[in-house]
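In the working numbering, each residue's number is its place in the sequence shown (first place is 1) plus 493.
Think of the CB as a built atom: it goes at the ideal place given N, C-alpha and C, for glycine as much as any other residue.
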Amino acid sequence: MRVNRRTFLGACAAAGAGCCLGGNAHSATLSGKRQFNLSISIEALEKEPERLDVFAKAGGTHVWVPGFFYGHWPVPLDKVCAWRRRAMDMGLDAQMINIPLGHPGDALGSSSGAFPLTGPKYWHNGQRPDGKLYSGTSLHEPATEENVAALKEIAKCGVQRVFVDDDFRLAPSPGQIGGCFCGEHKADFLKKGGYAESAWAELLDCVERRELSPILRAWVEYTCDQLTACFRAQQAAAPTIEMGNMIMYFGAEKAGIRLTDYRGVPFRVGEMMFHDEAFGTVKGKTDELYSCLFHRRFTTPELAYSETTAYPSDKLSAANMAAKLAVSTIADVRNTMFMSGLTPFPMAHWDVLAPAMRHHTKLHEKLAGHTPKGPFKHYWGEASRYVGDDQPFSLCLASGVPFEVIDAPPQEGWVFLSDADAKQLSTQKLPEKARWVSRIAGPQGPGARVMEESLEDVFALKHEIADALKDVPHVVEDKPVVCAWYPTANAVLLWNLSETREKLTLRMGATDRTVELEALGADIVELV
């Protein structure tokens, strides 16, 4: 149970030397062995070709090179394929990542500055509800047609798998209700839905108020239909290629991503805390874990990939990059995907990440196929998916109390709600034994409460319900730690969210266990 600092830091470094590559979900074994994927640009490989060898020696198995990006071949396909063959000659699986639509801003971080950041001039911009224009994350002709043609060319190179990057969405950024509000899409939507011209003002008002009305629901489904059709057209264009979707942070219907449409394909769970400032907070870590757990409802462990990303490339420390590995271990995501745009993270990160990769591989083997259970409920409901602002009540995950992921209101337990879900559920008849916790007024009932999302309030709740936790393993101290309980494995995984070494007491019934964890460290306690 004790991990010294040198071992931990070594383990951390192996997680983050990536750039633009992904991995093969089907190679992840049912026994739970982790696969490590690196996204890397041709720009990075030409400058430092030794990165492939360093990655392989650290335990890496798969690399992904960039292909077709929003109407451009930034690097000639023959050169990309030559680097792919070079990686394969080293024993690495090598495939491709495309960015079909592009991003509203620079999300690539080219060190040379020569990489194109927007689509060709003849591609149309998207339009926000307020009329402002932006590039990327919108669908107009000929985006689908050109991506289909690109897939056919890529198939000729023998590529077997292609991920579409998480800019494959129809919302400019997380938390926004997406879709292109231009005149073309307006006319098409009104015609297909049989709406009068006056209905458009109603829709815009509902978007502004985040009101899940019938017309807003219809707009979200209309937007999802567009994105799904684009994805399926690419699938059909190259039947020999397995297409995968990199889902954005909390990506769901409001971004045009109907999650059920991507079951059965490689599926990257959306994370977001790409630099130390964001991931360095407790809530940054729990938000990231929350998004990952939500997305795991829609994919199998073998098809699931992490988004272990640094951006800008040098702004996420090796220790934090290593700590991100715990997110995938807890959620049973079998494929780690290291990314950092076009510029790789520092080579020295690998000195920390390689041992961390080995450590989490061993932890994952013990927990693979098992599901966390507990009295605290992780619920991300329909309102969050369709109109929410992607602000979860995630600090419950740092309470030291076990949790489980649910997709419908449960019969019992403490359910932590987003503001959108609290508002929607406030008008519904719900199980009386469930205890509803939210930041705003939500469901009514004897166990409902409104409270701030703070560690102090979460810890106070833990002490208040101590009697209900007597048969559940939990951390006694008021310290931020994730306590994931796997009853079928008779084990608990503890992830220390503090940047200091911590001594913790794990209590179950009348038995106390002392556990020491390094800063940001994770380990398993086997129950007896």
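> From Phe548, Leu538, Ile533, pick the residue whose C-alpha is nearest to that of Pro848; which is it?
Replying inline: Walking along the sequence shown from the start, residue 848 turns up at place 355. When each option's Cα is compared against that of Pro848, the closest is Phe548.
>> Only counting the same chain, and skipping five residues up and downstream in sequence, which positions put a Cβ closer than 6 angstroms to that of Phe562?
In response: Here residue 562 refers to the residue found at position 69 of the sequence shown. Counting only Cβ-Cβ distances below 6 angstroms, and skipping sequence neighbours, we find Ile592.
> Are the segment 849-859 and the segment 770-785 touching by the rule of at least three beta carbon pairs closer than 8 angstroms?
Replying inline: no
> For Met581, which three-state DSSP category applies?
Replying inline: Counting from 1 along the sequence shown, the entry for residue 581 is found at position 88. Met581 falls in the helix class under three-state DSSP.
>> Quick check: the Cα distance between Pro885 and Gly777, rounded to an integer number of angstroms?
In response: Along the sequence shown, one-based indexing puts residue 885 at 392. Along the sequence shown, one-based indexing puts residue 777 at 284. Each residue's Cα considered, the two are about 11 angstroms apart.
> Name the DSSP beta bridge partners of Ala901, please?
Replying inline: Within the sequence shown, numbered from 1, the residue matching residue 901 stands at position 408. Per DSSP, none; premise fails for Ala901.
>> By the three-class DSSP mapping on this structure, what secondary structure does Phe772 have?
In response: Translated into the one-based positions of the sequence shown, residue 772 becomes position 279. Residue state, collapsed to three classes: helix.
> Using DSSP with H/G/I as helix, E/B as strand and the rest coil, what is Glu714?
Replying inline: As a position in the sequence shown, residue 714 is number 221, starting the count at 1. Correct three-state label for Glu714: helix.
>> Per the DSSP calculation, Gly619 is bridged to which residue(s)?
In response: Working through the sequence shown from its first residue, we reach residue 619 at position 126. In the DSSP output, where bridge partners are listed per residue, Gly619 has Tyr627.
> What do you reckon, are the CB atoms on Cys650 and Cys574 nearer than 9 angstroms?
Replying inline: The residue you call residue 650 lines up with position 157 of the sequence shown. The residue you call residue 574 lines up with position 81 of the sequence shown. Taking 9 angstroms as the Cβ cut-off, Cys650 and Cys574 qualify as a contacting pair.
> Grouping DSSP H, G and I as helix and E and B as strand, with all else coil, what is Thr981?
Replying inline: The residue you call residue 981 lines up with position 488 of the sequence shown. Looking at Thr981 - three-state DSSP - the assignment turns out to be helix.
> With C-beta atoms as the reference, is Lys870 less than 9 angstroms away from Phe896?
Replying inline: The sequence position of residue 870 within the sequence shown is 377, counting from 1. The sequence position of residue 896 within the sequence shown is 403, counting from 1. Yes, the Cβ-Cβ distance between Lys870 and Phe896 is below 9 angstroms.
>> Rounding to the nearest angstrom, what Cα-Cα distance links Gly612 and Ile750 in this structure?
In response: Looking up residue 612 in the sequence shown gives position 119. Looking up residue 750 in the sequence shown gives position 257. The straight-line gap from Cα to Cα measures roughly 21 angstroms.
> Do you know offhand how far Ala812's Cα is from Trp907's?
Replying inline: Within the sequence shown, the letter at position 319 stands for residue 812. Within the sequence shown, the letter at position 414 stands for residue 907. In a straight line, the C-alpha of Ala812 is about 33 angstroms away from that of Trp907.
> With burial defined as no fewer than 16 other Cβ atoms inside 10 Å of the residue's Cβ, what is the status of Lys747: buried or exposed?
Replying inline: Here the question's residue 747 lines up with position 254 in the sequence shown. The residue is buried, with at least 16 neighbouring Cβ atoms inside 10 Å.
> Can you name the residues that DSSP bridges to Val655?
Replying inline: For this step, residue 655 is matched to residue 162 along the sequence shown. Val655 pairs with Met589, Met736.
> What alpha helix (DSSP H) runs, 4 residues minimum, are completely inside the segment 678-729?
Replying inline: 692-702
>> Looking at the secondary structure, which residues open and close the beta strand (DSSP E) in which Pro559 lies?
In response: Locating residue 559 in the sequence shown gives position 66, counting from the first residue. Run containing Pro559: 555-562, per the beta strand (DSSP E) assignment.
> Just the Cα atoms here: how many angstroms apart are Ser628 and Arg621?
Replying inline: If you number the sequence shown from 1, residue 628 lands on position 135. If you number the sequence shown from 1, residue 621 lands on position 128. Between Ser628 and Arg621, the C-alpha separation is close to 11 angstroms.
> Going by DSSP, which residues form a beta bridge with Met1001?
Replying inline: The sequence position of residue 1001 within the sequence shown is 508, counting from 1. Met1001 pairs with Thr1004.
>> Going by DSSP in three states, Leu594 sits in which element: helix, strand or coil?
In response: Within the sequence shown, the letter at position 101 stands for residue 594. Leu594 falls in the coil class under three-state DSSP.
> Which one of Gly686, Gly737, Leu601 has the shortest CA to CA distance from Gln588?
Replying inline: In the sequence shown, residue 588 corresponds to position 95, counting from 1. Of the candidates Gly686, Gly737, Leu601, the one whose C-alpha sits nearest the C-alpha of Gln588 is Gly737.
> Are there 16 or more other CB atoms within 10 angstroms of the CB of Ser691, so buried, or fewer, so exposed?
Replying inline: Sequence index remark: in the sequence shown, residue 691 carries index 198 (1-based). Classification for Ser691: exposed.
> DSSP state of Trp576, grouped into three classes?
Replying inline: Position 83 of the sequence shown, counting from 1, holds the residue named residue 576. Correct three-state label for Trp576: helix.
> Taking Lys685 as the reference, which of Cys699, Ala711, Leu663 has the closest Cα?
Replying inline: Numbered from its first residue, the sequence shown carries residue 685 at position 192. Answer by Cα proximity: Ala711.
> Just curious, the beta strand (DSSP E) that Ser537 is in, first and last residue?
Replying inline: Position 44 of the sequence shown, counting from 1, holds the residue named residue 537. It should be noted that the sequence gives Ala, not Ser, for residue 537. Here Ala537 belongs to no beta strand (DSSP E); instead the alpha helix (DSSP H) covers 535-540.
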